[in-house]
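Engineer: Residue numbers (the numbering used here), protein chains in the order written: chain A, 6 to 265; chain B, 6 to 265.
We put the beta carbon where it would ideally sit given N, CA and C, even for glycine.
Questions regarding the structure given below will be posed in turn.
Number of protein chains: 2
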Amino acid sequence: MLSNNKIKFIKSLDNKKTRDESGQFIIEGDKVVREFINAGWNINLLVAQTKWRKTLPEHALQNIEEIICVEYNELKKISSLRTPHNVLAIVEKPEFLINWNEILNNLTLVLETIQDPGNLGTIIRTAAWFGISNIICSPDSVDVFNQKVVQASMGAILRVKVHYNNLFDFMNRISESNFPVYGTYLDGKPVYDCDLSTNGIILLGNESAGISSSLEKYITQKIKIPCFSDITEGIDSLNVSMATAIICSEFRRKTRGYSK
Amino acid sequence: MLSNNKIKFIKSLDNKKTRDESGQFIIEGDKVVREFINAGWNINLLVAQTKWRKTLPEHALQNIEEIICVEYNELKKISSLRTPHNVLAIVEKPEFLINWNEILNNLTLVLETIQDPGNLGTIIRTAAWFGISNIICSPDSVDVFNQKVVQASMGAILRVKVHYNNLFDFMNRISESNFPVYGTYLDGKPVYDCDLSTNGIILLGNESAGISSSLEKYITQKIKIPCFSDITEGIDSLNVSMATAIICSEFRRKTRGYSK
Numbered sequence: 006m007l008s009n010n011k012i013k014f015i016k017s018l019d020n021k022k023t024r025d026e027s028g029q030f031i032i033e034g035d036k037v038v039r040e041f042i043n044a045g046w047n048i049n050l051l052v053a054q055t056k057w058r059k060t061l062p063e064h065a066l067q068n069i070e071e072i073i074c075v076e077y078n079e080l081k082k083i084s085s086l087r088t089p090h091n092v093l094a095i096v097e098k099p100e101f102l103i104n105w106n107e108i109l110n111n112l113t114l115v116l117e118t119i120q121d122p123g124n125l126g127t128i129i130r131t132a133a134w135f136g137i138s139n140i141i142c143s144p145d146s147v148d149v150f151n152q153k154v155v156q157a158s159m160g161a162i163l164r165v166k167v168h169y170n171n172l173f174d175f176m177n178r179i180s181e182s183n184f185p186v187y188g189t190y191l192d193g194k195p196v197y198d199c200d201l202s203t204n205g206i207i208l209l210g211n212e213s214a215g216i217s218s219s220l221e222k223y224i225t226q227k228i229k230i231p232c233f234s235d236i237t238e239g240i241d242s243l244n245v246s247m248a249t250a251i252i253c254s255e256f257r258r259k260t261r262g263y264s265k
Numbered sequence: 006m007l008s009n010n011k012i013k014f015i016k017s018l019d020n021k022k023t024r025d026e027s028g029q030f031i032i033e034g035d036k037v038v039r040e041f042i043n044a045g046w047n048i049n050l051l052v053a054q055t056k057w058r059k060t061l062p063e064h065a066l067q068n069i070e071e072i073i074c075v076e077y078n079e080l081k082k083i084s085s086l087r088t089p090h091n092v093l094a095i096v097e098k099p100e101f102l103i104n105w106n107e108i109l110n111n112l113t114l115v116l117e118t119i120q121d122p123g124n125l126g127t128i129i130r131t132a133a134w135f136g137i138s139n140i141i142c143s144p145d146s147v148d149v150f151n152q153k154v155v156q157a158s159m160g161a162i163l164r165v166k167v168h169y170n171n172l173f174d175f176m177n178r179i180s181e182s183n184f185p186v187y188g189t190y191l192d193g194k195p196v197y198d199c200d201l202s203t204n205g206i207i208l209l210g211n212e213s214a215g216i217s218s219s220l221e222k223y224i225t226q227k228i229k230i231p232c233f234s235d236i237t238e239g240i241d242s243l244n245v246s247m248a249t250a251i252i253c254s255e256f257r258r259k260t261r262g263y264s265k
């Protein structure tokens, strides 16, 4: 059974402040929790229905500090989901340093002020699919350890390092290396017609405001995804996560041996 | 002020059954409501904060049956959003017949059992961007007039006709016309390497189960989006709305004069 103190602590992890101070965050659901366990992450607390607990292999226990078996209605009390899964866990936030060598040898996404947790989650999932290992977010972006982000990323936060960094500091360092920086603009060149590089930075702006003008000087190629609608009135933009998916796909298509 | 009956009715439109029986649904937010008004849709009831009401041009009134001005806290009572917008409206569900001529002269998306409202909403928004005017959903898909779908589509349901149809009936009719049908499969041909047609059907399966085997016989070309990750373990798929965006982009790129 869960103590009131535990319930209180788990619920408090809904707040970014508590997550930052405690260095912990919540993951939920069979698939995601198993992935974290298999990846060897330290689980501070695992709260599961007894039937789920029974399916956990012996070797998984070595990285789990505490396990509490509960009934469904107890799980419901602590879950952020309308229909809770059969397991929830508290894990420790990882800390990554930027590996510049890695950045200069791959594509990296730079996100300015992305607000919607679902967008960040699906962008991380897309990055994982396209073999992108680093995402740099401006400090005012939604927190990657927000449960909705974790949920939407479907475990991809295990494979993509999400850093929070002052974008000017980051871009200043990048510009010293003469590294290509692509940014999405309404007046950009159709991405299909662009020469895209194997490695580089793809800068994506806020859901409504786009890329802020102060970052424009770092862009070496403005790109856009052309609109194919006859009625353009009222269609201002693609969702930022859709745009990310299409652009990542174009980069890989052009630089990994697909020519058609 | 809103009567209790009105509040009750507005809230009841959260249920698909009430939406179906009354033939009405809810839209929320300045941008979406204005788009519906500008598109000439009939608004049965408009509930707005007084300051928003004042911004409404005179000519807009002809299609609005009833306007009720309220305070923010009243709007909060009826809104499905955590932070309600300053306007909410009840509109009449449109009824579309399938126009076969239109289907045979464009790309059409066929969605099997899409469950997540956010996914359907962003797929509709993506379809609008790529000039796709029809989406066929299996009857067990999430309802397009679910508020989360309407919200995520950002007004694109004004430009894309979403039909609910038995997919076998639809595909039988399509197969009579010898029309190309593309379906996403893990063992499909990389979409980048495929000859894609200007017009055709793109079939997308359920979020977890994919395309059901009974629909496979209708597919004329299996396609996939290749995974570019070194660590493929644990990455099973792209989100279905991401996949849709990438595939639509590929079709338009290849058939609208982009050659690189």
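What are the boundary residues of the beta strand (DSSP E) that includes residue 44 (chain B)?
Structural biologist: Unbroken run through residue 44 (chain B): none, as it is neither H nor E.
Engineer: Quick check: residue 146 (chain A) and residue 103 (chain A), are their CB atoms within less than 8 Å of each other?
Structural biologist: Contact flag unset, no.
Engineer: So within the segment 168-202 of chain A, which uninterrupted beta strand (DSSP E) runs reach at least 3 residues, ignoring any that extend past its ends?
Structural biologist: Here the runs fully enclosed are 186-195.
Engineer: Relative to chain B, which residues along the segment 130-144 of chain A have a C-beta separation below 7 Å, given in chain order?
Structural biologist: Those residues of the segment 130-144 of chain A that come within reach of chain B (Cβ to Cβ, closer than 7 Å) are 130, 131, 133, 134, 135, 136.
Engineer: Taking 8 Å as the threshold, find out whether the segment 205-213 of chain B comes into contact with the segment 178-187 of chain B through three or more Cβ pairs.
Structural biologist: As far as the Cβ criterion goes, the segment 205-213 of chain B touches the segment 178-187 of chain B, which means the pair count is three or higher.
Engineer: In chain order, what residues of the same chain lie with their CB nearer than 8 Å to the CB of residue 163 (chain B), ignoring the 5 residues before and after it?
Structural biologist: Correct list, in chain order: 40, 41, 44, 46.
Engineer: Could you give the distance in angstroms between the alpha-carbon of residue 150 (chain B) and the alpha-carbon of residue 142 (chain B)?
Structural biologist: So the alpha carbons of these two residues sit roughly 13 Å apart.
Engineer: Beta strand (DSSP E) containing residue 49 (chain B): first to last residue?
Structural biologist: First-last of the beta strand (DSSP E) with residue 49 (chain B): 48-54.
Engineer: What does the alpha-carbon distance come out to for the pair residue 171 (chain A) and residue 156 (chain B)?
Structural biologist: Cα to Cα, the separation comes out at about 32 Å.
Engineer: Mind the definition here: the segment 64-72 of chain A touches the segment 85-93 of chain A only if three or more C-beta pairs lie below 8 Å; say whether that holds.
Structural biologist: At 8 Å Cβ cutoff, the stretches do not touch.
Engineer: Does the CB of residue 123 (chain B) have a neighbour CB from chain A at under 8 Å?
Structural biologist: True, the Cβ-Cβ gap to chain A drops below 8 Å.
Engineer: Any residues in the segment 178-199 of chain B with a beta carbon nearer than 7 Å to a beta carbon of chain A? Which ones, in chain order?
Structural biologist: If the cut-off is 7 Å between Cβ atoms, the segment 178-199 of chain B has 195, 197, 198 near chain A.
Engineer: Less than 8 Å between the beta carbons of residue 224 (chain A) and residue 243 (chain A), yes or no?
Structural biologist: No. Outside cutoff.
Engineer: Going by Cα to Cα distance, which pick from B:160, B:249, B:199 is closest to residue 263 (chain A)?
Structural biologist: That would be B:199, whose Cα lies nearest to the Cα of residue 263 (chain A).
Engineer: Tell me which same chain residues have a C-beta within less than 8 Å of the C-beta of residue 192 (chain A), skipping the five on either side of it?
Structural biologist: Excluding sequence neighbours, residue 192 (chain A) sits near 227, 229.
Engineer: How would you call residue 247 (chain A), buried or exposed, if buried means at least 16 neighbouring beta carbons within 10 angstroms?
Structural biologist: That one is buried.
Engineer: Quick one: list the residues of chain A neighbouring residue 258 (chain B), beta-carbon separation under 7 Å, in chain order.
Structural biologist: Neighbours of residue 258 (chain B) on chain A, chain order: 197.
Engineer: Return the CA-CA distance between residue 153 (chain A) and residue 110 (chain B), expressed in angstroms with no decimal places.
Structural biologist: Each residue's Cα considered, the two are about 40 Å apart.
Engineer: Is it right to say residue 124 (chain A) is buried, meaning 16 or more other beta carbons lie within 10 angstroms of its own, or is it exposed?
Structural biologist: Classification of residue 124 (chain A): buried, given that the 10 Å Cβ count is 16 or more.
Engineer: Of the choices A:179, A:51, A:255, whose alpha-carbon is the least far from that of residue 34 (chain A)?
Structural biologist: That would be A:51, whose Cα lies nearest to the Cα of residue 34 (chain A).
Engineer: Could you list which residues in chain A have their beta carbon closer than 8 Å to that of residue 233 (chain B), in chain order?
Structural biologist: What residue 233 (chain B) touches in chain A: 134, 135, 136, 257, 261.
Engineer: Does DSSP classify residue 86 (chain B) as helix, strand or coil?
Structural biologist: In this structure, residue 86 (chain B) counts as coil in the three-state DSSP scheme.
Engineer: Going by C-alpha to C-alpha distance, which of B:48, B:83, B:56 sits closest to residue 17 (chain B)?
Structural biologist: Nearest C-alpha to residue 17 (chain B): B:83.
Engineer: State the CB to CB distance for the pair residue 116 (chain B) and residue 209 (chain B), rounded to an integer number of angstroms; the pair is presumed to be in contact (CB under 8 Å).
Structural biologist: Correct: roughly 5 Å between the Cβ atoms.
Engineer: Which residue marks the beginning of the beta strand (DSSP E) containing residue 30 (chain B), and which one marks its end?
Structural biologist: Where residue 30 (chain B) is concerned, the enclosing beta strand (DSSP E) stretches over 29-33.
Engineer: Taking the straight line between their C-alpha atoms, what separation do you get for residue 174 (chain B) and residue 22 (chain B)?
Structural biologist: Distance between the alpha carbons of residue 174 (chain B) and residue 22 (chain B) is about 24 Å.
Engineer: Looking only at C-alpha atoms, which of A:166, A:24, A:138, A:137 sits nearest to residue 100 (chain A)?
Structural biologist: The shortest Cα separation from residue 100 (chain A) among A:166, A:24, A:138, A:137 belongs to A:166.
Engineer: Please confirm whether residue 244 (chain A) has its beta-carbon closer than 8 Å to some beta-carbon of chain B.
Structural biologist: Chain B, which has a Cβ nearer than 8 Å to the Cβ of residue 244 (chain A), makes this yes.
Engineer: Under the DSSP definition of a beta bridge, which residues are partnered with residue 225 (chain B)?
Structural biologist: Its beta-bridge partners do not exist; DSSP assigns none.
Engineer: Could you compute how far the alpha carbon of residue 215 (chain B) sits from the alpha carbon of residue 178 (chain A)?
Structural biologist: Each residue's alpha carbon lies about 43 Å from the other.
Engineer: Given this structure, state the Cα-to-Cα distance separating residue 129 (chain B) from residue 92 (chain B), to the nearest angstrom.
Structural biologist: Cα-Cα distance, rounded: 23 Å.
Engineer: With distances taken from CA atoms, which of B:252, B:114, B:53 is nearest residue 140 (chain B)?
Structural biologist: Per the Cα distances, B:114.
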